[in-house]
Amino acid sequence: MNDLREALLDPDLGAVPFTVERTSYRRDHGSLLPLSRTFPVVGCVHPAPAEALRLSPGEETREEMIRIYTTASLSAGENGPAAGSFLAADRIRVQGGTWRVVEVRPWSAFGLYRALAVRLDAEETEEAEAPEGAGG
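Residue 11 in numbering that gives the first Met the number 0 sits at position 12 of the sequence shown, and the numbers go up by one each step.
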């Protein structure tokens with residue numbers, strides 16, 4: 000099993016470094032308080048195949064999607080254990096763009112994750128960096 004992980008992290012086989020931005024939110028007196036952290040990750044990033052576009056929810060169907068293979072746990076977002084808290088979808092910064100994770104498939108038997116992400120336009124990237132109006 001380690002052979003697959005080693006191949007996935009090998010730059011000669013297409014592994015690239017990228018950054019993951021993970022933001023969690025909690026409500027406090029009617030406001031959303033974000034807590035963001037970033038961490039470096041290595042993995043293989045490829046254009047998403049045509050079947051991924053067909054299988055995506057309608058609002059996620061875009062021409063620019065990527066598929067990511069990595070050993071890092073990625074998230075498409077989830078509600079938190081406490082009411083009023085949630086985890087936003089991870090944002091991936093790679094290849095000069097910002098991408099939002101829309102699907103994650105853990106391959107736990109191999110210690111890997113496969114994710115699908117959509118490219119964010121400049122407006123969406125700016126909104127993510129200034130979430131004051133997000134659901135308050």
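Positions of the beta carbon are idealized from the N, C-alpha and C atoms, including for glycine.
Review point. Counting along the chain, where does the beta strand (DSSP E) carrying ASP27 start and finish?
Key: 14 to 27
Check your understanding: Does DSSP classify ALA88 as helix, strand or coil?
Key -> coil
Exercise for review: Check each candidate in LEU73, PRO33, LEU34 and name the one with the smallest Cα separation from TRP106.
Suggested key: LEU73
Practice item. Look up PRO39 in the DSSP assignment and say whether it is helix, strand or coil. Key: DSSP places PRO39 in strand when its eight states are reduced to three.
Practice item. For GLY42, count neighbouring Cβ atoms within 10 angstroms of its own Cβ and tell me buried if that reaches 16, exposed if not. Key: buried
Review point. Which residues mark the beginning and the end of the beta strand (DSSP E) in which THR69 is found?
Key: 64 to 69
Point to revise | For LEU32, three-class secondary structure by DSSP | key: strand
Practice item. Return the Cβ separation of ARG66 and ALA47 in integer angstroms, given the expectation that the two are a contact with Cβ distance under 8 Å. Key: With a Cβ gap of about 5 Å, ARG66 and ALA47 count as contacting.
Review point. If we ignore side chains and look at the alpha-carbon of each, how far apart do ARG26 and LEU34 end up?
Key: Between ARG26 and LEU34, the C-alpha separation is close to 11 Å.
Point to revise | GLU58 burial status per 10 Å Cβ neighbour count (16 or more: buried) | key: The predicted model places GLU58 with a pLDDT of 49, which falls under 50 and marks its position as unreliable; any figure quoted below should be read in that light. When all chains shown are included, GLU58 counts as exposed.
**Study point:** beta strand (DSSP E) segment containing PRO115, residue limits
**Key:** The sequence as given places Leu at residue 115; Pro does not occur at that position. Its beta strand (DSSP E) spans residues 111 to 118.
Review point. At least one CB of chain C closer than 8 Å to the CB of ASP9: is that the case?
Key: No chain C appears in the structure shown, which is made up of a single protein chain.
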